[in-house]
Amino acid sequence: MNMIIEYENLYKVNQPYLGKFKKSFDEVLRSGWFILGEKVRQFETAFAAYNNVKYCSGVASGLDALTLSLTALNIEKGSEVIVPSNTYIASILSILHSGHIPVLVEPDLQTYNIDPQKIESAITSRTKAIMVVHLYGKPCEMDPITETCRKHNLLLIEDCAQAHGAEYKGRRVGGFGDLAGFSFYPTKNLGCLGDGGAVVTNDQNLDERVKKLRNYGSFKKYYNEYPGINSRLDEIQAAFLLTKLESLDKINDHKRELAKIYLSNLKEDFILPVIHMDYFDVYHIFNVRHKKRDVLREYLKKNNILTEIHYPVPPHKQKALSFLSEGSFPVSEEIHSTTLSLPVSAFHTPDEIYKVVEVMNRF
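Just so we're aligned, residue 35 is where the sequence shown starts under the working numbering, counting upward by one.
Right, dumping it as structure tokens:
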């Protein structure tokens, strides 16, 4: 019987770190300090340095990272925030949870990231911020976006949940905006063994505000300056992340090598991720597009190759966001109906990827 090529296997992903994880767990357990302790501080310092920014706040999830970023900006409730129409729902939920109105803008059909040329027409007198999403691990085209923000005096938030280590013109994502949110969900290139997230920024005041907001609005125990929430990166998860952060560049390099196999060998029937010298992709997701996506996926499954769809339903078609359904988003719908995510995890071998290519080229 042929071996199954899994889409993801988190035990295999984390197996190289098990010894260090156990040591880290023992250190935290012996310390007797489990919330906002030394491991969180160490990780915040290391992750800020990795992203070439000054400050980092560990929080409970990627969604919280974005929500706290918007809350910390202290913009007027009910303001409009521009966001790509094909993003994961968390980006939009963060806008809603912080009391604002999401305004969907179509992506570029080549990059799947927000189309900079379509942003300006969506700006109104109520627009206060733009949230860009570096989807699948590809950085957005930041030069025209930051110029639009300067021109219209708009704040900029980066959703870096899928883009740890990605670069635009040699500069790491996370440092372009006023604030940036990261997710450490277990499947991410830098994933923990539970939920976790972080907010990074170069603004000390914003960093202090986020650190208070994540901890009931407090810096000093029992003294609360803001109506904050409880959203703190766990001390144990911070210890695990510190271990994996040392290997993040190697993880990204490995995924980029696997992506090269796809890019160099898949036949022209498949629409592949666009490659450009300005974009340093980290391929959290390697997606192809095909008009017979569902048939292709079933064909691969019958040949023992498992895939995923990121994402089958566009945001404006979600029941939870039915108030957005009046808009027309054909580019987003085209992407969501044709995209397929192929195996490209840290544990996959080149031989496995060549096998996927072989089967796909027979389709």
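Every residue gets a Cβ at the ideal spot worked out from N, C-alpha and C, and that includes glycine.
Local Cβ density within 10 Å of residue i, reported as buried at 16 or more and exposed below that
i	result
Thr79	exposed
Ser119	buried
Met37	exposed
Ser65	exposed
Phe357	exposed
Ile369	buried
Leu63	exposed
Gly53	exposed
Lys289	buried
Asn147	buried
Tyr257	exposed
Ser217	buried
Gln209	It is worth fixing the name first, because residue 209 is Gly in this sequence and not Gln. Buried, by the Cβ-count rule.
Ala232	buried
Leu297	exposed
Ser58	buried
Whole-angstrom C-beta distance between residue j and residue i, which should lie under 8 Å
i	j	result
Ala156	Leu188	Going by Cβ atoms, the distance from Ala156 to Leu188 rounds to 11 Å, so no, they are not a contact pair.
Val117	Pro136	5 Å
Thr372	Arg331	No, Thr372 and Arg331 are not in contact; Cβ-Cβ is about 11 Å, not under 8 Å.
Leu292	His382	6 Å
Gly171	Ile319	6 Å
Gln196	Leu240	Not a contact, Cβ separation roughly 23 Å.
Residues near residue i in its chain [Cβ-Cβ closer than 7 Å; skip 5 each side]
i	result
Leu97	Ala124, Leu127, Ser128
Pro261	Gly251
Glu154	Thr182
Asp229	Ala94, Ser95, Tyr219
Sequence-distant residues of the same chain with beta carbon closer than 6 Å to residue i, five excluded per side
i	result
Leu190	Ile164, Cys183, Gly211, Asp212
Leu334	Thr341
Lys203	Asp312
N-terminal and C-terminal residue of the alpha helix (DSSP H) that residue i is part of
i	result
Glu269	269-279
Cys90	Per DSSP, Cys90 belongs to no alpha helix (DSSP H); it is in the beta strand (DSSP E), 89-93.
Phe320	Counting along the chain, Phe320 falls outside any alpha helix (DSSP H), though it belongs to the beta strand (DSSP E) covering 320-323.
Thr235	Unbroken run through Thr235 is the beta strand (DSSP E), 231-235; no alpha helix (DSSP H).
Gly215	Segment 213-217 is the beta strand (DSSP E) holding Gly215; no alpha helix (DSSP H) there.
Within-9 Å CB hit, residue i to chain C
i	result
Asp193	Looking for chain C here will not work: only one protein chain is present.
Endpoints, the beta strand (DSSP E) within which residue i is located
i	result
Ile157	That residue, Ile157, is in no beta strand (DSSP E); it is neither H nor E in DSSP.
Phe253	252-254
Glu259	No beta strand (DSSP E) holds Glu259; DSSP gives it neither H nor E.
Glu192	189-193
Ile164	161-167
Val378	Unbroken run through Val378: none, as it is neither H nor E.
Residues bridged to residue i (per DSSP)
i	result
Arg205	Tyr202
Asp328	None; Asp328 has no bridge partner.
Pro178	Note: Pro178 sits in no beta bridge, so no partner.
Contact set for residue i: own chain, Cβ-Cβ below 8 Å, skip 5 residues either direction
i	result
Gln76	Ala272, Leu276
Asn43	Ser379, Phe381
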